[in-house]
Amino acid sequence: MQKESRTDKWLRTGFVLFLIILLLLIIFNGTAKTSDVSNWIIAFANIVMAYAAVRAYLAARQFLSEFFAQEGYRLAIALINENVIHLGNKNRYTIAISSALCCCKELHSLPHTREGNKKLQSALVLLTNLHKAHKKWLSDINSLLERMETYGIYPADNKKAALTGVITALDEMLMNGDSFIAVLRKNACDYNKVADKGVNMSKLFSAEEMDVMTKSLEEITTQWNMMVSNRNELLTGVRHARALFKVREYDYSEP
Numbered sequence: 551m552q553k554e555s556r557t558d559k560w561l562r563t564g565f566v567l568f569l570i571i572l573l574l575l576i577i578f579n580g581t582a583k584t585s586d587v588s589n590w591i592i593a594f595a596n597i598v599m600a601y602a603a604v605r606a607y608l609a610a611r612q613f614l615s616e617f618f619a620q621e622g623y624r625l626a627i628a629l630i631n632e633n634v635i636h637l638g639n640k641n642r643y644t645i646a647i648s649s650a651l652c653c654c655k656e657l658h659s660l661p662h663t664r665e666g667n668k669k670l671q672s673a674l675v676l677l678t679n680l681h682k683a684h685k686k687w688l689s690d691i692n693s694l695l696e697r698m699e700t701y702g703i704y705p706a707d708n709k710k711a712a713l714t715g716v717i718t719a720l721d722e723m724l725m726n727g728d729s730f731i732a733v734l735r736k737n738a739c740d741y742n743k744v745a746d747k748g749v750n751m752s753k754l755f756s757a758e759e760m761d762v763m764t765k766s767l768e769e770i771t772t773q774w775n776m777m778v779s780n781r782n783e784l785l786t787g788v789r790h791a792r793a794l795f796k797v798r799e800y801d802y803s804e805p
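In my numbering, the protein residues as written are 551 to 805.
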C-alpha cells in the first residue's frame, strides 16, 4: 500500500469541508424553504458527482503511483540480478590479471616459442573479454539507477553507501585495468611479431614495463577487495528489492 501523499490529504480534507459548507448553505439558506424536491435532487446529484470525480482522481493517482513503483522495482531487480550479483567473492577479475602477469614473467628472458605465444595471446583475450564484461556491468548499473530515479525508486538509506562503494571501486579498478591491458597488449604484440614469422625465435623475449603491471595489480587487488566488501554489505540481510530500494513519493505541492 502506497503512503498517502500530502497533496491527497489536503485534497480529501478540502473536499470534506466543501461538502459541509455546501450542506450548511442548503439547510440555512432562506431559499431552501421555497425550493421544490427537484432542486434538492439536483443539488444532491451535484454533490455525488463531485465526490465521484474526486474519488476517481485519487484512484488514478494511486494506480499510477503503484504502476511507477512496480516498473522501478523491475529495474532494481535487474540491477542486482544481472549486474551486482557478479561482483562478489567468485569474481575472477584479479585472477585473470594475476595470470596474465605471471605469463609475462614466465616468458621474460626466454627464447620465443609458438607455445609461449599461444599462452600469452590467450591470456590477453581472456582478460580483455572479462574487462569488457565488467565495463558493461558498470555502465548498466549507472544506466539502471538513472532510469529508476524517473520512477521514484532510490537506494534505501542503509544501503546507499554500500552501493556507491561498489560503483566507485569498480570504476577505479577498471581504470587501472585499462593501463594494465595496454601494457599487456604491447608485450603480446611484440611477442607475436617474432613467433608468428618463425624467425629469430632464439631471441630472448623482454617483457616491458613489468613494474607498471605489478603496481597496477596491487591497486586492482585493493579496489577489488573494496568492491567485493561493499557488494557483500549491500546484499547482507534481506535481499528483497523493496528492502534494498525505497519509493520516494513526489510531493506535488512543492515547486
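Each residue gets a CB set at the ideal place from its N, CA and C atoms; glycine is no exception.
Since we're looking at a predicted model, the values are computed, not measured.
According to DSSP, residues forming a beta bridge with Lys-796
Within the sequence shown, numbered from 1, the residue matching residue 796 stands at position 246. Answer is Tyr-704.
Just the C-alpha distance for Ala-793 and Asn-780, rounded to the nearest angstrom, thanks.
On the sequence shown, position 243 is the one that residue 793 refers to. On the sequence shown, position 230 is the one that residue 780 refers to. Going from the Cα of Ala-793 to the Cα of Asn-780 covers about 16 Å.
Which term fits Ser-492, buried or exposed, when burial requires 16 or more other beta carbons within 10 angstroms of its beta carbon?
An answer regarding residue 492 cannot be provided, because it is not within the stretch 551 to 805 covered by the chain.
Limits of the unbroken alpha helix (DSSP H) element including Lys-655
Reading the sequence shown from its first residue, position 105 is the one you call residue 655. Per DSSP, Lys-655 belongs to the alpha helix (DSSP H) from 643 to 657.
Quick check on DSSP: helix, strand or coil for Asp-690?
For the purposes of this step, residue 690 is taken as residue 140 along the sequence shown, with counting starting at 1. Reduced to three states, the DSSP call for Asp-690 is helix.
With a 10 Å radius around its C-beta and 16 neighbouring C-beta atoms as the bar for buried, classify His-790 as buried or exposed.
Stepping through the sequence shown from its first residue, residue 790 is reached at position 240. Classification of His-790: exposed, given that the 10 Å Cβ count is below 16.
Nonlocal neighbours in the same chain, by C-beta distance under 7 Å from Val-716, ignoring five residues either side:
As a first step, residue 716 is located in the sequence shown; it is residue number 166 there, counting from the start. Closer than 7 Å at the Cβ level, and outside the excluded window around Val-716, lie Val-634, Leu-637, Met-777, Asn-780, Arg-781, Leu-784.
Answer yes or no: do Leu-734 and Ala-619 have a C-beta to C-beta separation smaller than 9 Å?
Within the sequence shown, the letter at position 184 stands for residue 734. Within the sequence shown, the letter at position 69 stands for residue 619. The answer is no: Cβ separation not under 9 Å.
Quick check on Leu-785: does DSSP put it in helix, strand or coil?
For the purposes of this step, residue 785 is taken as the residue at position 235 of the sequence shown. Coil at Leu-785, not helix or strand.
Who pairs with Leu-754 in a beta bridge, going by DSSP?
Taking the first residue of the sequence shown as position 1, residue 754 is located at position 204. The partner list for Leu-754 (beta bridge, DSSP) reads Pro-661.
Cβ atoms of Asn-726 and Cys-654: under 9 Å apart, would you say?
Position 104 of the sequence shown, counted from the start, is the residue given in the question as residue 654. Position 176 of the sequence shown, counted from the start, is the residue given in the question as residue 726. It is not a contact, given that the beta carbons lie outside the stated cut-off.
Hey, quick one: how far does the alpha helix (DSSP H) through Ile-731 stretch, first residue to last?
Position 181 of the sequence shown holds residue 731. Start and end: 710 to 747.
If I measure Cβ to Cβ from Asp-690 and keep anything under 6 Å in the same chain, skipping five residues before and after, which residues do I get?
Taking the sequence shown and counting its residues from 1, one reaches residue 690 at position 140. Within the same chain, Asp-690 has close Cβ partners Asn-633.
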